[in-house]
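Enquirer:
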Amino acid sequence: MPYTFAERVNHMENSAIRELLKVTEQPQIISFAGGLPAPELFPLKEIQESYAQVFGTGDPSVLQYGTTEGYLPLREEIAAQMRIKGIQAEAENIFLTNGSQQGLDLIAKLFINPGDIVLLQNPSYLGAIQTFRSYQANFETIPTNGTGIDSAALELSIKLNRPKIIYLAPTYQNPTGTTLTVEERKMVLRIASKYNIPIIEDDPYGELHYDGSSILPIRSFSTEDEVVYLGTFSKTLAPGLRLGWIVGGKDLITKLVVAKQGTDLHTSTLLQKATHYYLTHFNPIQHIETIRQAYKIRRDLMLNELKENFNDQAIWTEPSGGMFIWLTLPEAYDTLKLLPYALASNVAYVPGVNFFTDGKIYSNMRLNFSNPSPLQIKQGIKRLASILPNY
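Residue numbers for the sequence shown follow my numbering, beginning at -13 and rising by one.
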């Protein structure tokens, strides 16, 4: 018999990236499509040892239900890391999730009613758009000018649209790799606070900086709890672990507990204890530095290959961190229609249209440099450039 689904199902969409990854798993494809870390850099032995040590104690509680907020020693460790980043937090401000994507879903569940407006960057992270859209949100984009965010236009947009939340990935943003300046961060915080609009600060890439030190999170400038910060171990440890966290005020944490209890009760006890062991018995700082060095080489190589092969055919961002380069072709090109030609040449990217809420801009593509090897970067960029004259 046919099912009668809830109205929200009509607003749920497949992730274009997750669907594309099914194709790019073919071994002959050079993929710039996924936002994937380099698997050869995973601390496999250390994670294996962490699980062995946690099991080796013979404590059956590692297989037991846990608290919804998360394993207290791990929350204390994350809170200490947050303080290093300038964010004042204690364990009671930390809430553990199954990846930061679940954090986005829980926040949307708490804040978004059908028809509510989310104010976000343009383009913006596809996973966030997908999540907010599934809760039937509407979107307005943050206005910019030649120098960055237009403060007067932003304030006017907030007055006119009264957004429920502002969603930002201010540091090495997915998909563009761009970063908001300290002045822009303080300005957005000031305006959002003036109108009592919460800021959701998504920061999966903050540790992946290649040119100097990282920039302070927006929440570090906050004196109240108007900024909700999302972090994850997916980019610095391993994405398959599915472990992230939210930093928020006590009232928000209390409501997150209720929201998560209706979803999955709690994050894996075994995972949390093994991760805590890894963080406290190995050297995660050195591991992150190893990642930075490897990704910097790959970023520089991709930028050089773009200069050599694309010349005046395109423009692109030059990110100081993260995992992505945002390439823009002349307006005559449609990267969605170009993709089959690329796949026929055994190279893949993500069409930029997927990152715009209105789906009206077609000449961009997102390129990932962290996952492909240096040789694949050289070969893949040449293949991409070679298909343009035939399009």
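In this text, a Cβ means the ideal position worked out from N, Cα and C, and glycines have one as well. As the structure is a computational prediction, the values presented were derived from the model and not from experiment.
Can the beta-carbon of residue 188 be found less than 8 Å from the beta-carbon of residue 154?
Expert: Here the question's residue 188 lines up with position 202 in the sequence shown. Here the question's residue 154 lines up with position 168 in the sequence shown. Cβ distance < 8 Å, so residue 188 and residue 154 count as in contact.
Enquirer: Just confirm the distance between the C-beta atoms of residue 98 and residue 152, as a whole number of angstroms; I'd bet it's less than 8 Å.
Expert: For the purposes of this step, residue 98 is identified with residue 112 of the sequence shown, where counting begins at 1. For the purposes of this step, residue 152 is identified with residue 166 of the sequence shown, where counting begins at 1. Their Cβ separation, rounded to whole angstroms, is 13 Å, which puts residue 98 and residue 152 out of contact at 8 Å.
Enquirer: Inspect the beta-carbon positions of residue 340 and residue 112 and report whether they are closer than 8 Å.
Expert: Within the sequence shown, numbered from 1, the residue matching residue 340 stands at position 354. Within the sequence shown, numbered from 1, the residue matching residue 112 stands at position 126. Their beta carbons are under 8 Å apart, which means residue 340 touches residue 112 by this criterion.
Enquirer: With DSSP collapsed to three states, give me the class of residue 385.
Expert: Residue 385 lies beyond the residue range present for the chain, which begins at -13 and ends at 377; the question has no answer from this structure.
Enquirer: Shortest alpha-carbon distance to residue 275 belongs to which of 204, -4 and 28?
Expert: On the sequence shown, position 289 is the one that residue 275 refers to. Selected option, being the one with the closest Cα: 28.
Enquirer: In the DSSP assignment, what are the bridge partners of residue 188?
Expert: Residue mapping note: residue 188 aligns to position 202 of the sequence shown, counting from 1. According to DSSP, residue 188 bridges with 216.
Enquirer: Would you report the Cα separation of residue 178 and residue 199, rounded to the nearest angstrom?
Expert: Walking along the sequence shown from the start, residue 178 turns up at place 192. Walking along the sequence shown from the start, residue 199 turns up at place 213. For residue 178 and residue 199, the distance between alpha carbons rounds to 27 Å.
Enquirer: When you compare the CB positions of residue 362 and residue 144, do they come within less than 8 Å of one another, or not?
Expert: Taking the first residue of the sequence shown as position 1, residue 362 is located at position 376. Taking the first residue of the sequence shown as position 1, residue 144 is located at position 158. Not closer than 8 Å, so no.
Enquirer: Residue range of the beta strand (DSSP E) that residue 350 falls in?
Expert: Indexing the sequence shown from 1 puts residue 350 at position 364. It spans 350 to 354 - the beta strand (DSSP E) in which residue 350 sits, taken as one unbroken run.
Enquirer: Would you mind working out which of 81, 52, 49 and 314 sits nearest residue 61, comparing C-alpha positions?
Expert: Within the sequence shown, the letter at position 75 stands for residue 61. Ranking 81, 52, 49 and 314 by Cα distance to residue 61 puts 81 first.
Enquirer: I'd like the list of long-range same chain contacts for residue 366, defined as Cβ closer than 7 Å, with 5 residues on each side in sequence excluded.
Expert: Residue mapping note: residue 366 aligns to position 380 of the sequence shown, counting from 1. Excluding residues up to 5 positions away in sequence, 16, 18, 333 and 358 lie with their Cβ nearer than 7 Å to the Cβ of residue 366 in the same chain.
Enquirer: Is residue 350 buried or exposed, if buried means 16 or more other CB atoms sit within 10 Å of its CB?
Expert: Locating residue 350 in the sequence shown gives position 364, counting from the first residue. The residue in question, residue 350, is buried, as its Cβ has 16 or more Cβ neighbours within 10 Å.
Enquirer: Within 8 Å (strictly less), CB to CB, does residue 94 reach chain B?
Expert: You won't find chain B in this structure, because it holds only one protein chain.
Enquirer: For residue 129 and residue 119, what's the separation of their Cα atoms in angstroms?
Expert: Position 143 of the sequence shown, counted from the start, is the residue given in the question as residue 129. Position 133 of the sequence shown, counted from the start, is the residue given in the question as residue 119. About 20 Å.
Enquirer: For the putative contact between residue 57 and residue 258, defined by C-beta atoms under 8 Å, what is the C-beta separation to the nearest angstrom?
Expert: Here residue 57 is taken as the residue at index 71 of the sequence shown, counted from 1. Here residue 258 is taken as the residue at index 272 of the sequence shown, counted from 1. Contact annotation, residue 57 with residue 258: C-beta distance approximately 4 Å; criterion of less than 8 Å satisfied.
Enquirer: Which residue comes first and which comes last in the alpha helix (DSSP H) that contains residue 81?
Expert: Position 95 of the sequence shown, counted from the first residue, corresponds to residue 81. Residue 81 -> not in any alpha helix (DSSP H); beta strand (DSSP E) instead, spanning 80 to 83.
Enquirer: If you scan the region 225 to 267 from start to end, which runs of the alpha helix (DSSP H) of 4 or more residues do you find wholly inside it?
Expert: Taken in chain order, the whole alpha helix (DSSP H) runs of length 4 or more contained in the region 225 to 267 are 236 to 247 and 255 to 267.
Enquirer: Report yes or no: do the region 220 to 231 and the region 261 to 270 share at least 3 C-beta pairs separated by less than 8 Å?
Expert: Counting Cβ pairs under 8 Å, three or more are found: they touch.
Enquirer: I want to know whether the region 206 to 219 touches the region 68 to 81 - three or more CB-CB distances under 8 Å.
Expert: yes
Enquirer: Which whole-angstrom value is the C-beta distance of residue 252 and residue 85, which I expect to be below 8 Å?
Expert: Working through the sequence shown from its first residue, we reach residue 252 at position 266. Working through the sequence shown from its first residue, we reach residue 85 at position 99. About 14 Å separates the two Cβ atoms, so there is no contact after all.
Enquirer: The alpha helix (DSSP H) spanning residue 117 covers which residue range?
Expert: What you label residue 117 is simply residue 131 of the sequence shown in a count that begins at 1. Note, residue 117: alpha helix (DSSP H), 112 to 120.
Enquirer: Report back the beta-carbon spacing between residue 147 and residue 170 to the nearest angstrom; my notes put them in contact at under 8 Å.
Expert: Here residue 147 is taken as the residue at index 161 of the sequence shown, counted from 1. Here residue 170 is taken as the residue at index 184 of the sequence shown, counted from 1. Rounded, the Cβ-Cβ distance is 20 Å, inconsistent with contact.
Enquirer: Please state whether the Cβ-Cβ distance between residue 215 and residue 233 is less than 8 Å.
Expert: Your numbering for residue 215 matches position 229 in the sequence shown. Your numbering for residue 233 matches position 247 in the sequence shown. Contact flag set, yes.
Enquirer: Name the residue from 190, 105 and 360 whose alpha carbon lies nearest to the alpha carbon of residue 174.
Expert: Position 188 of the sequence shown holds residue 174. Closest by alpha carbon: 105.
Enquirer: Alpha carbon to alpha carbon, how far is residue 108 from residue 236?
Expert: Translated into positions along the sequence shown, residue 108 becomes position 122. Translated into positions along the sequence shown, residue 236 becomes position 250. Straight-line Cα distance between these residues: approximately 31 Å.
Enquirer: Would you report the Cα separation of residue 364 and residue 46, rounded to the nearest angstrom?
Expert: The residue labelled residue 364 in the question sits at position 378 within the sequence shown. The residue labelled residue 46 in the question sits at position 60 within the sequence shown. Distance between the alpha carbons of residue 364 and residue 46 is about 50 Å.
Enquirer: Quick one: residues in its chain with C-beta nearer than 6 Å to the C-beta of residue 40, no 5 flanking neighbours on either side, listed in chain order?
Expert: In the sequence shown, residue 40 corresponds to position 54, counting from 1. The answer, listed in chain order, is 48, 259, 260 and 263.
Enquirer: Please classify residue 18: does DSSP put it in a helix, a strand, or coil?
Expert: Reading the sequence shown from its first residue, position 32 is the one you call residue 18. Three-state DSSP puts residue 18 in coil, outside helix and strand.
Enquirer: Return helix, strand or coil for residue 281, following the three-state DSSP convention.
Expert: Along the sequence shown, read from residue 1 onward, the residue named residue 281 stands at position 295. In the structure shown, residue 281 sits in a helix (DSSP, three-state: H, G or I).
Enquirer: Look at residue 289 and residue 328 and say whether their C-beta atoms are less than 8 Å apart.
Expert: One-based indexing of the sequence shown puts residue 289 at position 303. One-based indexing of the sequence shown puts residue 328 at position 342. No.
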